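Below is one structure, written out as structure tokens; comments come after it.
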Amino acid sequence: MITIDSFSFTYPGMEVPALQDISLGIESGEAVLVRGASGSGKSTFLYCLNGLIPHVFAGSSVGVVRLNGFAPSEVPLREIAKTVGTVFQNPESQVFMMRVEDDVSFGCENLLLPREEIIRRRDESLRFMGLWDLRRRETFKLSGGQKQRLAISSIYAMGPKVFMFDEPTTDLDGSGRQEFKNIIRNLKDKGKTIVLVEHQYEDYLPLMDRIITLEGGRIVNNGMTTEVPTPARATTAPPTRRAISLKGIRFDYERGKNVLENIDMEIQRGEIVALRGDNGSGKTTLLKILGGILKPIEGQITILDIPAPTLESLVGRVGFLFQNPDEQLFAQTVEEEISFGFSRLGNNEGSDRYLDIAGLNTLRHRHPQTLSRGQRQILAVVSVMAMEPGILILDEPTTGLDSGSWHKLFSVLYDYADQGGTVIFSTHNEHAAAMSYRQIVLNEGRIISDEISR
Amino acid sequence: MKYLDKETFLHRLDPRSKIVMGLMGAILIVVLKTPIALFLLFLTVLTIFALLRPARRTCRTIIVLMATAFCFTMISQGFFYALEPRTAIMTFLTPESGMMGSITGGIALYREGIIYGALQSLRLCSAMLLSAAIVMSTYPADLLLGMGSLGVPERIGFVVTVSIRFLPVLLDEAQRILLAQKLRGLNTKGVRGGFRAFRYLLPPLIIDSLRNARRTALAAEVRAFTGKRTTVRELRFAVRDWVTLGFSGAGMIMLILYQAVSP
Chain A
1221 MITIDSFSFT YPGMEVPALQ DISLGIESGE AVLVRGASGS GKSTFLYCLN GLIPHVFAGS
1281 SVGVVRLNGF APSEVPLREI AKTVGTVFQN PESQVFMMRV EDDVSFGCEN LLLPREEIIR
1341 RRDESLRFMG LWDLRRRETF KLSGGQKQRL AISSIYAMGP KVFMFDEPTT DLDGSGRQEF
1401 KNIIRNLKDK GKTIVLVEHQ YEDYLPLMDR IITLEGGRIV NNGMTTEVPT PARATTAPPT
1461 RRAISLKGIR FDYERGKNVL ENIDMEIQRG EIVALRGDNG SGKTTLLKIL GGILKPIEGQ
1521 ITILDIPAPT LESLVGRVGF LFQNPDEQLF AQTVEEEISF GFSRLGNNEG SDRYLDIAGL
1581 NTLRHRHPQT LSRGQRQILA VVSVMAMEPG ILILDEPTTG LDSGSWHKLF SVLYDYADQG
1641 GTVIFSTHNE HAAAMSYRQI VLNEGRIISD EISR
Chain B
237 MKYLDKETFL HRLDPRSKIV MGLMGAILIV VLKTPIALFL LFLTVLTIFA LLRPARRTCR
297 TIIVLMATAF CFTMISQGFF YALEPRTAIM TFLTPESGMM GSITGGIALY REGIIYGALQ
357 SLRLCSAMLL SAAIVMSTYP ADLLLGMGSL GVPERIGFVV TVSIRFLPVL LDEAQRILLA
417 QKLRGLNTKG VRGGFRAFRY LLPPLIIDSL RNARRTALAA EVRAFTGKRT TVRELRFAVR
477 DWVTLGFSGA GMIMLILYQA VSP
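Protein chains in written order, with our numbering: chain A, 1221 to 1674; chain B, 237 to 499.
Written out as structure tokens, the structure is:
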């Protein structure tokens, strides 16, 4: 189905090729996992196969890529789309229409298929993906997992033989990832060829026929392996003084629909706590209450000895980081970003120390938004840490990070906790949760388990 | 301002009728000049908007927006109206009163300026209500289809409908950025604080929007979007569309004639 022979590709203005001397064959019906650190060339590899290179991204290439008998560079994207379908990471940016069934039709309409054929394919795809009952629902009302299923459904309706997935489950919770696993299994049963690029791939290993590992644009491993990375040590900082106390907390956004119910919780200084649970379980709401962004309807809350705190009273004491670091980088340089918060608290020294902690000393004059995703995440965390808060609250801090960036992030957090800081982070990922000291699991607004990480 | 999933008379109209009505409204907003004609146009558009049976919350937002537009435009035009003749109804500083008077040329509230501001507000509010009525009553894919069949290039229509879909996403993001600023200790209170917040809001908002736009563009590319499409949805021009367009056309001519013959 796919043949690549001595293929190299270099982006304009770059000296080092993004892909180097790639030779590979993928059989029809095979499921292949592509892994590697950020910048290893995984996405470029997909773009060469689905025609985005050279049709959208220019560059110079040598060697041969053939897909089902043709070269993607010589065929228009509309034709390639009949053979290869690609699903990207962010479900939000892949949904174009307001109603589910219209979005599934969108790709077929672009292929200029006749109306009756579009309806036939649309209905078949909706049934195959289990979206039939949701076909008239407005797309913005779908969960992340349902939106990703919709994106796959839209591609499926276009009838490709090859499905390419570029980190498709990064933004999904446990049930979304389970749904995705079932989809991969069903696509395999239909004889489709699957190329999956994923950082957090452990769950999908049993479904894969082969694993390709990329490093610096080269294939360093091409075969089957069951090796799963072991998480770094869990912090074992002994509990000392109380940082957070919640008693009987209840919260709702709409009267009668409790998002949090009867939450009792105590967290000590120096702890690293992972908050787990599916989408809608109340994790982010609880984090916002801890950060003073939301006020509980009922219950008692004490944060760092401040009873019933407000957002203003917690500025500088509690650091809060939303999921997307890019929304929290305001300054013109990395150095200015780190001092943004603490200079407003009257402290003008210490940016060097935090530049060292972030490992960004040599990049101090760069614009924050020009850093890599992992570096932006670390910078956002360290910029909040630089305000020297007693508590650090992080919403899904590992989303979209490769394992190298993960380990860097957690080493920063461990050092912070060793000095008495408290970290609470929400996560879908059980491996990220395992790096905490303690795991609290929420389900439908209630705590269903609270255990020490093993 | 987003599509309301309802069954009203406006919803049942073909999108092409609504686009043509929008164009007629735009012509009238530019052509009409007298207070009565503009007021009649505003009343007509208000009635059209009322056909949507909007929720109380939407009405409140619209009223606040219109009241702000009226107050701001009438006061600013009242002070800065420069055409002659003009009648000062309240003088705060005469041109003769010292250095400030000679620098500013005097500060006064002018009757003609207030009237001019009111007319501009009528235009602005009519345009706002009419576009709201069209967007809130037309399913975006149908709007795209309607624009396409009236000769608007498919790519432009697609950009418009995708923009409508992504507007709430952008607003959510702006709110999160403003909150993140507060959490990092930025003082956003008062007018100076507002400017400060705005200064630090724009870079992340623009950069992230560009990243989102790039992601969306790639997703459209792999779904073979080129601008040429067939479509599952079909538009039907019914008798009610002809009748509505007939009435709209007649109303448009009558308003123009009324302005022409009125002193």
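Backbone N, C-alpha and C define an ideal beta-carbon position, used for all residues, glycine too. Just so it is clear, the structure is predicted and the values come from calculations on it, not from any experiment.
- Between residue 1467 of chain A and residue 1420 of chain A, the gap from beta carbon to beta carbon reaches 8 Å or more.
- In the displayed model, residue 1260 of chain A falls within coil according to three-state DSSP, outside both helix and strand.
- Counting only residues of its own chain and dropping the five nearest sequence neighbours on each side, residue 323 of chain B has a CB closer than 6 Å to the CB of 347.
- Proximity of residue 467 of chain B to chain A, defined by a Cβ-Cβ separation below 8 Å, is satisfied.
- Secondary-structure assignment with DSSP links residue 346 of chain B through a beta bridge to B:324.
- Within the region 382 to 415 of chain B, there are no complete alpha helix (DSSP H) runs of at least 4 residues.
- Cα atoms of residue 437 of chain B and residue 294 of chain B: separation of roughly 26 Å, rounded to the nearest angstrom.
- Cβ atoms of residue 409 of chain B and residue 444 of chain B come within 8 Å of each other, at about 6 Å.
- Each of A:1436, A:1443, A:1502 was checked against the Cα of residue 1428 of chain A, and the nearest Cα belongs to A:1443.
- Taking a beta-carbon distance threshold of 8 Å, residue 424 of chain B does not count as an interface residue toward chain A.
- Counting along the chain, the unbroken alpha helix (DSSP H) around residue 1603 of chain A starts and ends at 1593 to 1605.
- Cα atoms of residue 259 of chain B and residue 1286 of chain A: separation of roughly 51 Å, rounded to the nearest angstrom.
- Looking at the DSSP output, residue 1404 of chain A shares a beta bridge with no other residue.
- When DSSP reads this structure, residue 1358 of chain A sits in a beta bridge with A:1319.
- Within 7 Å of the CB of residue 285 of chain B, no CB atom of chain A is found; the nearest one sits about 21 Å away.
- Between residue 1479 of chain A and residue 1539 of chain A, the C-beta gap is not smaller than 8 Å, which leaves the two residues out of contact.
- One finds 1313 in chain A with Cβ atoms closer than 7 Å to the Cβ of residue 452 of chain B, taken in chain order.
- In the three-state reduction of the DSSP assignment, residue 1286 of chain A falls in the strand class.
- Nearest to residue 448 of chain B by C-alpha distance, out of B:494, B:403, B:269, B:372, is B:403.
- Between residue 268 of chain B and residue 282 of chain B, the gap from beta carbon to beta carbon reaches 8 Å or more.
- The C-beta of residue 1290 of chain A comes no closer than 8 Å to any C-beta of chain B.
- Using a CB distance cut-off of 8 Å, residue 436 of chain B counts as an interface residue toward chain A.
- It is roughly 15 Å from the alpha-carbon of residue 339 of chain B to the alpha-carbon of residue 318 of chain B.
- Counting the other CB atoms within 10 Å of its CB gives residue 1413 of chain A a total of 16 or more, which places it among the buried residues.
- Cβ neighbours of residue 1316 of chain A within its own chain (closer than 8 Å, five residues either side excluded): 1323, 1326.
- With contacts defined by Cβ atoms closer than 8 Å, residue 455 of chain B and residue 1313 of chain A form a contacting pair.
- Residues of chain A with a Cβ closer than 7 Å to the Cβ of residue 413 of chain B are, in chain order, 1547.
- Take the alpha-carbon of residue 1232 of chain A and the one of residue 1267 of chain A: they are about 15 Å apart.
- Our two residues, residue 270 of chain B and residue 371 of chain B, have alpha carbons roughly 28 Å apart in a direct line.
- For residue 490 of chain B, the three-state secondary structure derived from DSSP is helix.
- Separation of the CB atoms of residue 1658 of chain A and residue 1667 of chain A is rounded to 12 Å, and the pair is thereby denied contact status at 8 Å.
- When the Cα atoms are used, residue 1669 of chain A and residue 1332 of chain A turn out to be separated by approximately 53 Å.
- Residue 1598 of chain A places its beta carbon 8 Å or farther from that of residue 1644 of chain A.
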